[in-house]
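Contents: one structure, followed by commentary.
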Amino acid sequence: ENYKILKNSENYKKLNSNMAQQILKEVDGSFKSFFGLLKLVKNGQYDNKKIKLPKYLAKDGFTTLVIGFVRLKD
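If you count by the UniProt record's numbering, then the sequence shown holds residues 1 to 74, one letter each, in order.
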């Protein structure tokens, strides 16, 4: 679903396809975790005070991004 939203974004188009896919997987995983915790709170199984919406890095921020197998052209 995120791909459909971002596929026309200028910044997304500038990324290598492997990087773009991995970034979307990371964002998707973060939000799935967030919404999963909200369900646990609703069922009384988790403390609401510990849940925070996933945040974006600052423009000059860094993070580790694991890129899977990348095939280079000869």
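By construction, the Cβ of each residue, glycine as well, lies at the ideal position given by its N, Cα and C atoms. Given the structure is predicted, the values throughout are model-derived calculations rather than measurements.
Whole-angstrom C-beta distance between residue j and residue i, which should lie under 8 Å
i          : j          : result
residue 19 : residue 57 : The pair is not a contact, with the Cβ atoms about 15 Å apart (cut-off 8 Å).
Closest Cα partner of residue i within the set the options
i          : options        : result
residue 37 : 24, 21, 54     : 54
residue 69 : 22, 6, 59, 11  : 22
residue 1  : 46, 42, 35, 24 : 24
residue 50 : 62, 34, 12, 63 : 34
Residue i, enclosing alpha helix (DSSP H) - first and last residue
i          : result
residue 28 : 17 to 42
residue 13 : 10 to 14
C-beta neighbour in chain B for residue i, strict 8 Å
i          : result
residue 45 : As a matter of chain content, chain B is missing from the structure shown, which is built from one protein chain.
For the stretch 25 to 42 and the stretch 9 to 17, state whether three or more C-beta atom pairs, one from each stretch, are separated by less than 8 Å. The stretch 25 to 42 makes no contact with the stretch 9 to 17: fewer than 3 CB pairs, one atom from each, lie closer than 8 Å.
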